[in-house]
């Protein structure tokens, strides 16, 4: 229904900023920061609120009201007003100037009045606006402002999906009409603003008294009639305090402010200013709607049809080009549709803003010439696209790649989620690019010039040239090889899992006393917490429904049998859908094998990720996970060979920390979990039982991952005090580890980044965050990243060396998969022994550490049974 009168939207600026900031901080989500370290989440969230307001409501008039920096009249009448408020976090304070710039760019005027709070200015403006025939909407989550509601004034709460409070909604929410909200605050007080209120009278009591007597003055006049002694005494003994509280809580709508409607008339945003601000704050996702679709500077793009034309163009470009990588040719691809064999065209660029589209056939010699240095965005993807046409026929073999701008971007900023060429062009040049080969080649060439010096300056050149770039062709060969699976084995497993799911469902229904949708969090929550009265550990979602997350259910597993059955049902459903039923459909009909995609840029630590399908999340410690692995088989007559690093991250910890006890244990070939059990629990190694070893294993890996006493207690089923005692005992025996962890955190606080043994860096911006949750998570990340990242680098080095020897020594065997610390090979029986020795040698000699690397080798007729 369209509005019947012009509307003025008044924004409670600081109220919204603080609530958004603290909500983000409480969530534990990583802070948003620019590359220079500036926090930006408050600006980003506030921008989202404003854009939503402008787009959904299209107000005729709008203004942002700010707090006065000068003391207000409330400070003068009550010295302790707002005394309990903590200082504004420095990371939030630094964002306020950008919020003012944002408002200016959106052409939203700022209003503020000395000696008066924003609430008073909003109240006065609301009154004057309604007198001039406007409907007023106050954008705020502050419940104090509900006292202004009534007539033509409403409050719009962005924290509740734009809930609009009219007078009826206010009374439904607070229990009193809007004009009595300040009276209720006078009685119950307000801890946020340090309004004292009446001692002993809380929210319920204040509401009941106001409902019974009306104004707080009337409540005080009838205090002797109040039956409850505590309330009666408080009212009789604190009259002046209560009346002062009402004065503090009441919004002063008589603030002397003028309302010039033309000055607050809504206007289109200043696109150029908004663009500049988004770019400065690195809001790249927001730039997409503002960025131009072509380079700001003129660009020379064109088409060539023959190799001779291409050569002449290249010679001319080289002759007139700059001194920067004049031989570089950037490759971008436009692949043919099925049936269009030979029509593939690529983009070439020999200098910035100068690019041509040429037929692949004309450029094939150039592409395959290792003497022509090339820049590509994603060397693995470029090599795969060039290697085959859409019908699988050979096209061209890529050689001479020196600059991979996708890998450059990843190594420089490993915590981003998108390294596509389009995203990089947007991030670095604020340009949206089309899927057009010449433009793609141009931007690849420009990125190569910009990022290569940054790689050198960041100390990442050796990592790039010895690990990341040479790993790309290894992954090409692994993805091409694929892995064979047995669909019949998965079908049998699926049938058994379906039967078990039906049994679980029936049993869960029996325990619940009724059928319901087990996969619905709402219905499950109702059964667990309303019907069965289980204790609620937390709430989730905008509706604040009881949480049924896995961590919550794990804590409840001992409370009722149904919880464990629900967890089993979830795991079974997930494994069946994700792997057992899905994998057969992903078999390539041309090869009869499963071909996963490895991504070098998928993890901030440097670990490879796997997708379509993700083969790195198949559980290995559960019977179901092992049964799924049993369906991974070699070609007929061959074997699978698995090579797995033993406790590699703990060995890396020993190398970094040089802890004498840890180093000695690994050098002597001791079982490190047994040794830790002996050290921590004070028992001789020969008397360490399976349960002690299990607990010691949790402690060892918990130390690597920065596990707290709370986390360790939950993991091994002990009290938090016992868990803390175990951790303290661990650090008493492994003092070198404690010293290393403390030094690591101190160094990251100083530099803001972690480094692996091979120089891989990871920014940890929250290491100095004011929010304890974010800061603690950052400290755990700072501790874990060097170890996990070094382990990732070690296996990558081993993969490169193994791949080289497989080709040089003409093995038939192929490397198929990398899953965390494990490599999987397919090998003919006659090569199994030789390959096992080769792989073990290369993995164990990937780097020289203070302790030996140890690799276990196993062979078998499926992945589960390798021994």
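Numbering (this note's numbering), first residue to last: 292 to 1158.
Where a beta carbon is used, it is the ideal one built from N, C-alpha and C, also for glycine.
Exercise for the section: Measure the alpha-carbon distance for residue 305 versus residue 417 and round it to whole angstroms. Expected result: 18 angstroms
Problem - Other residues of its chain near residue 556: CB distance less than 8 angstroms, five sequence neighbours each side excluded - result: 351 and 352
Handout entry: Start-end ranges of the beta strand (DSSP E) lying completely within the segment 647-721, minimum 3 residues
Key = Complete beta strand (DSSP E) runs here, min 3: 665-667 and 692-695.
Practice task
Identify every residue that forms a DSSP beta bridge with residue 1147.
Solution key: 935
Handout entry: Nearest-angstrom Cβ-Cβ length linking residue 950 and residue 996, presumed shorter than 8 angstroms
Key = Contact doesn't hold; Cβ gap of about 17 angstroms is too wide.
Exercise for the section: Report all residues from its chain with a CB closer than 6 angstroms to the CB of residue 414; omit the five preceding and five following residues, and keep chain order. Expected result: 439, 542 and 544
Practice task
Can you tell me the Cβ-Cβ gap for residue 581 and residue 393, rounded? I've got them flagged as a contact below 8 angstroms.
Solution key: About 13 angstroms; that fails the 8 angstroms criterion.
Handout entry: Chain-order list of residues whose beta-carbon lies under 6 angstroms from that of residue 1038 (same chain, five-residue window excluded)
Key = none
Exercise for the section: Take residue 717 and list the residues in its own chain whose beta-carbon comes closer than 7 angstroms to its own, dropping the five residues that flank it on each side. Expected result: 575, 578, 579, 582 and 723.
Practice task
Could you tell me if residue 468 is buried or exposed, where buried requires 16 or more neighbouring beta carbons within 10 angstroms of its beta carbon?
Solution key: buried
Handout entry: Start-to-end residues for the alpha helix (DSSP H) that takes in residue 414
Key = 409-422
Practice task
Apply the 10 Å Cβ neighbour rule to residue 1001 and answer buried if 16 or more other Cβ atoms are within range, or exposed otherwise.
Solution key: Counting the other Cβ atoms within 10 Å of the Cβ of residue 1001 gives fewer than 16, which makes it exposed.
Handout entry: Euclidean distance between Cα positions of residue 746 and residue 1046
Key = 14 angstroms
Practice task
Given a cut-off of 8 angstroms, decide if residue 687 and residue 698 are closer than it, judged by their beta-carbon atoms.
Solution key: no
Exercise for the section: Spell out the partners DSSP gives residue 975 in its beta bridges. Expected result: Partner(s): none; residue 975 has no beta bridge.
Handout entry: Contained beta strand (DSSP E) runs [length at least 3] in the segment 1113-1141, N- to C-terminal order
Key = Taken in chain order, the unbroken stretches of beta strand (DSSP E) that lie wholly in the segment 1113-1141 and span 3 residues or more are 1113-1118.
Handout entry: Rounded Cβ spacing between residue 897 and residue 1084 (contact assumed at less than 8 angstroms)
Key = Contact flag correct, Cβ pair sits at about 6 angstroms.
Handout entry: residue 358 versus residue 407 - alpha carbon distance
Key = 8 angstroms
Practice task
Tell me residue 281's beta-bridge partners as DSSP assigns them.
Solution key: As shown, the chain starts at 292 and ends at 1158. That puts residue 281 outside it, with no answer to give.
Exercise for the section: Within 10 angstroms of the Cβ of residue 298, are there 16 or more other Cβ atoms? Answer buried if so, exposed if not. Expected result: buried
Problem - Buried versus exposed, by CB contacts within 10 Å (16 or more), residue 611 - result: Bear in mind that a pLDDT of 46 at residue 611, under 50, signals an unreliable position, so the number given afterwards is only what the model happens to contain. With fewer than 16 Cβ atoms within 10 Å of its Cβ, residue 611 is classed as exposed.
Handout entry: Rounded separation between residue 1066 and residue 1034 - CA only
Key = 16 angstroms
Problem - alpha helix (DSSP H) segments (min. 4 residues) lying fully within the segment 1060-1101 - result: 1063-1099
Exercise for the section: Look at the Cβ atom of residue 803, then the Cβ atom of residue 822, and state whether they are nearer than 8 angstroms. Expected result: yes
Handout entry: Endpoints, the alpha helix (DSSP H) within which residue 1054 is located
Key = Membership of residue 1054 in any alpha helix (DSSP H) is not indicated; the residue belongs instead to the beta strand (DSSP E) covering 1052-1054.
Practice task
Measure the C-alpha to C-alpha separation of residue 750 and residue 400 and round it to an integer number of angstroms.
Solution key: 47 angstroms
Exercise for the section: Please look up how many angstroms separate the CB atoms of residue 536 and residue 488, rounded, as I've assumed it's under 8 angstroms. Expected result: 5 angstroms
Problem - Backbone CA spacing between residue 1028 and residue 669 [nearest angstrom] - result: Across the structure, residue 1028 and residue 669 are spaced so that their CA atoms are roughly 39 angstroms apart.
Exercise for the section: Give the secondary structure of residue 612 by DSSP, where H, G and I count as helix, E and B as strand, and everything else as coil. Expected result: Because residue 612 sits at a pLDDT of 37, beneath the cut-off of 50, its placement in the model cannot be relied upon, and the following sentence gives the value as read from the coordinates. The answer is coil: DSSP assigns residue 612 none of H, G, I, E or B.
Handout entry: Supposed close pair residue 1131, residue 1146 - CB separation, criterion 8 angstroms
Key = Indeed, because the Cβ distance is near 5 angstroms, the residues count as touching under 8 angstroms.
Practice task
State the CB to CB distance for the pair residue 921 and residue 1154, rounded to an integer number of angstroms; the pair is presumed to be in contact (CB under 8 angstroms).
Solution key: 7 angstroms
Practice task
State whether the segment 434-448 contacts the segment 381-395, with contact taken as three or more CB pairs (one from each stretch) at a distance under 8 angstroms.
Solution key: no
Handout entry: Same chain only: Cβ atoms within 8 angstroms of residue 601, ignoring 5 sequence neighbours per side
Key = Cβ neighbours of residue 601 beyond the five flanking positions: 595, 639, 647, 649, 653, 654 and 657.
Practice task
Identify which residue in 404, 984 and 456 has its Cα closest to the Cα of residue 429.
Solution key: Of the listed residues, the one whose Cα sits closest to residue 429 is 456.
Practice task
On the DSSP bridge assignment, give the partners of residue 593 in chain order.
Solution key: In the DSSP output, where bridge partners are listed per residue, residue 593 has 647.
Exercise for the section: Reducing DSSP to helix, strand and coil, say where residue 448 ends up. Expected result: strand
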